[in-house]
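Numbering (this note's numbering), first residue to last: 204 to 346.
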Amino acid sequence: MNDLILTPILCMGLLSLVVMLLMYITRIPAAKRLEAEGVDLQKLAHPSQLGGVFPSNVERVADNYNHLWEQPTLFYAVVLVIWALGHTDTVHLYTAWAYVGLRVVHSAVQIFLNHVWIRFSVFMLSWIALGTLLVRELMVVLA
């Protein structure tokens, strides 16, 4: 059972891959359109200069890709600790899968709807799942 906790990590990696591909599928055509309009993309080489340059639907994908390297890094670390110490149980396993499912929903909401309150609610639910993993593991390790 312990190795089953690693599958959610792989699925989060797959989500990151899908969003990265979607980012370039949307960004490259948008960049070509900007160049055709006379925009010098080299002057936009720093990410802080890109805000508002690309259409919102293109920027949302890039924003989501960046978000997949923020909170989920703690998820990866906690799950690897749970696995390395052999502490996988049913609650950890279901909670890890809940986290992955919520991050998939968060990505879909941010990329396709970008409804702030829905996105925030899903984000907080994913934090509850992540916090559950973290606190449960801390209770075992510190006991």
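Glycine included, C-beta positions come from ideal geometry on N, C-alpha and C.
Whole-angstrom distance between residue j and residue i, CA atom to CA atom
i, j, result
"Ala239", "Asp266", "24 Å"
"Ser259", "Gly241", "20 Å"
"Asn269", "Gly289", "31 Å"
"Val307", "Asp206", "22 Å"
"Lys246", "Lys235", "15 Å"
"Met215", "Ser251", "27 Å"
"Leu224", "Glu273", "18 Å"
"Ser310", "Asn317", "9 Å"
"Arg263", "Asp243", "22 Å"
"Met327", "Met342", "22 Å"
"Met226", "Phe315", "13 Å"
"His249", "Leu220", "23 Å"
"Ala301", "Ala346", "26 Å"
Own chain residues within Cβ distance below 7 Å of residue i, not counting five before or after
i, result
"Leu277", "Leu333"
"Thr298", "Ala332, Thr335 and Leu336"
"Ile208", "Val282, Ile285, Trp286, Thr291, His295, Leu296 and Ala299"
Integer-rounded CB distance, given that residue j should sit under 8 Å from residue i
i, j, result
"Val261", "Thr229", "5 Å"
"Val325", "Leu305", "6 Å"
"Glu340", "Val294", "At roughly 11 Å, the Cβ-Cβ gap does not stay under 8 Å, so Glu340 and Val294 are not in contact."
"Val222", "Leu271", "6 Å"
Cβ-based neighbour list, residue i, same chain, cut-off 6 Å, excluding 5 preceding and 5 following
i, result
"Arg322", "Val312 and Gln313"
"Leu253", "Leu247"
Buried or exposed (CB count within 10 angstroms, at least 16 for buried), residue i
i, result
"Ile231", "exposed"
"Ser329", "buried"
"Val338", "exposed"
"Pro275", "buried"
"Val344", "exposed"
"Met204", "exposed"
Contact set for residue i: own chain, Cβ-Cβ below 8 Å, skip 5 residues either direction
i, result
"Val303", "Pro211, Cys214, Met215 and Leu218"
"Tyr279", "Ile212 and Met215"
"Leu237", "Leu244, Val256 and Phe257"
"Ala233", "Phe257, Pro258 and Val261"
- May I have a chain-ordered list of the alpha helix (DSSP H) segments no shorter than 4 residues that lie completely inside the region 236 to 279? For the region 236 to 279, whole alpha helix (DSSP H) runs of length 4 or above, ordered along the chain, are 259 to 270.
- Item | Inside the region 292 to 334 only - alpha helix (DSSP H) runs reaching at least 4 residues | 293 to 311
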